[in-house]
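Visitor: I'd like to ask some things about the structure below.
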Amino acid sequence: ELTKVGLRLINVNIQDITDESGYIQALGQEAAARAINEAKVSVAERERDGEIGKANAEREQRVQVSGAQATAVEGENLAKIKVAQSDAQRREQEAEAERLAAAAEKVKAAQALEEAYGFEETAERARAKREQATQHANIVVPAEIEKAKIETLAEADAEKTRRLKKGEADGLQSVMEAEARGTLAALQSKAQGFTDIVRASGGADQATLLLVTEQLPQLIEEQVKAISNLKIDSVTVWDSGKGAGGKNDTANFVSGLAGALPPLHQLTRNVGIELPEFLGKLTDNPSEAAQILEKAKSQPPAEQTATEEPAGQE
Numbered sequence: 021e022l023t024k025v026g027l028r029l030i031n032v033n034i035q036d037i038t039d040e041s042g043y044i045q046a047l048g049q050e051a052a053a054r055a056i057n058e059a060k061v062s063v064a065e066r067e068r069d070g071e072i073g074k075a076n077a078e079r080e081q082r083v084q085v086s087g088a089q090a091t092a093v094e095g096e097n098l099a100k101i102k103v104a105q106s107d108a109q110r111r112e113q114e115a116e117a118e119r120l121a122a123a124a125e126k127v128k129a130a131q132a133l134e135e136a137y138g139f140e141e142t143a144e145r146a147r148a149k150r151e152q153a154t155q156h157a158n159i160v161v162p163a164e165i166e167k168a169k170i171e172t173l174a175e176a177d178a179e180k181t182r183r184l185k186k187g188e189a190d191g192l193q194s195v196m197e198a199e200a201r202g203t204l205a206a207l208q209s210k211a212q213g214f215t216d217i218v219r220a221s222g223g224a225d226q227a228t229l230l231l232v233t234e235q236l237p238q239l240i241e242e243q244v245k246a247i248s249n250l251k252i253d254s255v256t257v258w259d260s261g262k263g264a265g266g267k268n269d270t271a272n273f274v275s276g277l278a279g280a281l282p283p284l285h286q287l288t289r290n291v292g293i294e295l296p297e298f299l300g301k302l303t304d305n306p307s308e309a310a311q312i313l314e315k316a317k318s319q320p321p322a323e324q325t326a327t328e329e330p331a332g333q334e
């Protein structure tokens, strides 16, 4: 208790010991009362013995006095013993009280330190928690916000790209589907046309010949173009008159130039098609073909027509 108010006990001078229960005071009163009562008993016995007889009284008195003195001394000694025992108990109790007080003081001091350390630990934890919250607010929260922003922007860009690509893919798919439908319709129409041509021609071979016949004007046109684009600045022909076969050199030159062109039958044969006989036959003797051509040119038109009719009937 003194420590709580800032005082420290150095020395104690004890003059009187009392306790709240009055135990120590009762011990002294008990010893004193016992001695007084014993003295009164001795006095009463002496008075009684004096009543019995003076003769024996002196003797008995001396004996009783001695006994009384011995008893008194014994009583005093017993009282002293009681006092000593009381002092011992007092000192023991004082020592125990001091020990308990010192122990209590140390316990209180330890508890005070423990509470102080506990408060300091709590304060440190609160400070650490506050620092952690500050760091979280200053670093983690902005980082999370930036992360969420980046993720949102990236997702938006990705969604935009996906939608653009989907739009392009849908547009391309629509175009390709339209082209495919157009191609399919064209092929179906062409296939139907070929079917009708084959049916009308009486067979696939006849239909093939018919289609080739339709292309003859273009083939002839291409054949003519083969020499039409030749750049011939000048041609000098030295004609010395008629030569072999009754033809002059100029006629031979023109016939040779025409013979240099690829024949129509040869063109169709190269692609695996055999022309019908009414279109003529490919001869192995170009000179003979040139003579026939010259002969046909020299005949009148009526005679030429009459000559060609049998070939047509054939």
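For what it's worth, the working numbering labels the leading residue of the sequence shown as 21, then goes sequentially. The beta carbon of each residue, even a glycine, is placed where N, CA and C say it ideally should be.
Do the CB positions of L207 and S221 come within less than 7 Å of each other?
Guide: Annotated as distal: L207 and S221, with beta-carbon spacing of 7 Å or more.
Visitor: Once the 5 residues before and after L47 are set aside, which same chain residues still bring their CB inside 7 Å of it?
Guide: K102, S106
Visitor: Please check the pair A92 and A59, which I expect to be a contact at CB under 8 Å, by giving their CB distance rounded to whole angstroms.
Guide: That pair is a contact at about 7 Å.
Visitor: Using a 10 Å radius around the Cβ and a threshold of 16 neighbouring Cβ atoms, would you call G191 buried or exposed?
Guide: Looking at its Cβ environment, which holds fewer than 16 other Cβ atoms inside 10 Å, G191 is exposed.
Visitor: Buried or exposed for A88, please, with buried defined as at least 16 other CB atoms from any protein chain shown within 10 angstroms of its CB.
Guide: buried
Visitor: In this structure, how does DSSP classify V25 when only helix, strand and coil are distinguished?
Guide: Secondary structure of V25 (DSSP, three-state): coil.
Visitor: Determine the DSSP secondary structure at S194, reduced to helix, strand or coil.
Guide: Residue state, collapsed to three classes: helix.
Visitor: Would you grab the beta carbon distance between E65 and Q84 for me? Rounded to a whole angstrom, and I think it's under 8 Å.
Guide: Confirmed, Cβ separation roughly 7 Å.
Visitor: CA-CA distance, I44 and G26?
Guide: 31 Å
Visitor: Thinking A205 and I217 are a contact (beta carbons under 8 Å), I'd like their distance in whole angstroms, please.
Guide: Not quite, the Cβ-Cβ distance comes to about 18 Å (not below 8 Å), so this is no contact.
Visitor: Here's a check: name, in chain order, each residue in its chain whose Cβ is nearer than 7 Å to the Cβ of N97, leaving out the five neighbours to either side.
Guide: none
Visitor: Would you kindly report the start and end of the unbroken alpha helix (DSSP H) that includes Q226?
Guide: 224-234
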